[in-house]
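Structure first, then comments.
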Amino acid sequence: MLRRCGIDTDTADPRAAATALIKGGAFVGGNLADVREQLRRHADAGAARSL
Numbered sequence: 047m048l049r050r051c052g053i054d055t056d057t058a059d060p061r062a063a064a065t066a067l068i069k070g071g072a073f074v075g076g077n078l079a080d081v082r083e084q085l086r087r088h089a090d091a092g093a094a095r096s097l
């Protein structure tokens, strides 16, 4: 899934993988407006919503 999104998570280099996850938007954080925007981008990209 991550590779399909262009996030390279090579386990041979954990530091580079972690950096790629952060830069690739795999984690959501910040103030409320930031979180809403990031979640909107995830939804627009096809991420499933479950409540």
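Read in order, the letters of the sequence shown are residues 47 to 97 in our numbering. Glycine included, every Cβ here is placed at the ideal spot set by N, Cα and C. Model, not experiment: these values are computed from the prediction.
1. For A66, which residues of its own chain have a beta-carbon under 7 Å away from its beta-carbon, when the five flanking residues on both sides are left out?
2. Locate the alpha helix (DSSP H) running through L78, then write down its first and last residues.
3. From this set, Q84, D80 and D59, which residue's C-alpha is nearest A72's C-alpha?
4. By DSSP, does I68 sit in helix, in strand, or in coil?
According to the structure data:
1. Counting from 1 along the sequence shown, the entry for residue 66 is found at position 20. Excluding positions up to five away in sequence, the list reads I53, D54 and T55.
2. For the purposes of this step, residue 78 is taken as the residue at position 32 of the sequence shown. That run of the alpha helix (DSSP H) goes L78 to D90.
3. Residue mapping note: residue 72 aligns to position 26 of the sequence shown, counting from 1. Ranking the options by Cα distance to A72, first place goes to Q84.
4. Counting from 1 along the sequence shown, the entry for residue 68 is found at position 22. In the structure shown, I68 sits in a helix (DSSP, three-state: H, G or I).
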